[in-house]
């Protein structure tokens, strides 16, 4: 027994020394200053899951704020700040109209991680979700739009993500925001669901209720599938074996993306996605693909949709403006690994059971590394040459 305790003590000591060494190597690595405005309006939990992985990547890549300190996912963002979830207390950090030009001058980049917002059923947790659940805070507003418009005009890095266009964002703001990203939203969003039964029995049962009311038939339980919801409240379902050959939503990078040194790969995607189309002059860097049957293709056609649509769009060849048509920033990450040399390996091991692990490791992480690094190099050419 004593020998076992000794072995355990040695093993624990070795691990602690190793982690300390990896942290010190990371800490003394060269940092890169990049002042990034992160917006997250959908924060209902303390871990800030909707933008947490963005900060993980910034730390791992040694991007720091203007004060030279690593980014902190708990406080280095704008939007909704939970104070006391039990008492329903919160704060909101937002830019005022007369501050837009000043902030656009000092920030190098902007990432709108989630603009959807917080609703009463999530925040106060007193009742299940309904179609008309009241908004506590959320949606793209005029100042949000004006800020990214100004950042875009200055040639700075602008990244927008899923949930910028749907309700509660109003139509005028949506249309003007679409112009910035050079895309057009079809009005539809979707998500893969491993068991459609959970929708009928869970907090999302309002979706099933709408489906049954519109289609005059029972919700399709007992199968896997993809839910499609329009901004007008229409609901459609693609079921495996009938409308889908497989239940997977494929995320496929373009040939250009595959040439990046960061090795972006094909992956399965399990989050929510927008169905958008690109406009002339834009560049589609990745696509979503649904494995539909003939029946599924026909069902999509009646909705004015196709089985392949853009996932990552660059507004133009020379711009640094990107739209991610999926809930890309919501990933399970262990924050302490972000400050370790080679932390990606340990983070991957600690999150082996997460469905988004491959997406984060093989697609999202290398994509953001390329975008941030390329932008930084072009924005700081003298510093890069000196090193």
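Numbering (the numbering used here), first residue to last: 4 to 390. The C-beta atom is built at its ideal place from N, Cα and C for all residues, glycine as well. Just so you know, these numbers come straight off a predicted model, no measurement behind them.
For residue 269, the closest alpha carbon among the candidates 230, 314, 246 and 297 is that of 314. Residue 362 and residue 31 have their C-alpha atoms roughly 29 Å apart. Apart from the 5 residues on each side of it in sequence, residue 351 sits with its Cβ closer than 7 Å to the Cβ of 360 and 364 in its chain, given in chain order.
The shortest C-alpha to C-alpha distance from residue 217 to any of 232, 228, 207 and 225 is the one to 232. Looking at the backbone, the Cα of residue 383 and that of residue 105 are separated by about 21 Å. Annotation: residue 53 to residue 45 spans about 7 Å, alpha carbon to alpha carbon. Using a 10 angstroms sphere on the CB of residue 6, the tally of other CB atoms stays under 16, which defines it as exposed.
The three-state secondary structure of residue 283, taken from DSSP, is coil. Residue 161: not part of any alpha helix (DSSP H); member of the beta strand (DSSP E) spanning 160-164, first to last residue. Taking C-alpha positions only, residue 281 is separated from residue 26 by approximately 42 Å. Residue 9 has its alpha-carbon roughly 43 Å from the corresponding atom of residue 332. In the same chain as residue 349, and ignoring 5 residues on each side of it, the C-beta atoms closer than 7 Å to its own belong to 340 and 343, in chain order. With respect to the C-alpha of residue 92, the residue from 157, 43 and 83 having the closest C-alpha is 83. Going by DSSP, residue 240 is part of the beta strand (DSSP E) stretching over 238-242. In the structure shown, the three-state DSSP call for residue 195 is strand. The three-state reading of DSSP puts residue 301 in helix, counting H, G and I together. Assigned with DSSP and collapsed to three states, residue 86 falls in strand. For the region 23-107, the continuous alpha helix (DSSP H) assignments of 4+ residues that do not extend past its boundaries occur at 52-63, in sequence order.
For residue 219, no beta strand (DSSP E) run applies, since DSSP gives it neither H nor E. Taking every protein chain shown into account, the CB of residue 155 has 16 or more other CB atoms within 10 angstroms, so this residue is buried. Around the CB of residue 322, 16 or more other CB atoms lie within 10 Å, so the residue is classed as buried. Judged by their CB atoms, residue 272 and residue 295 are not nearer to each other than the 8 Å cut-off. DSSP places residue 369 in the helix class (H, G or I) of the three-state scheme.
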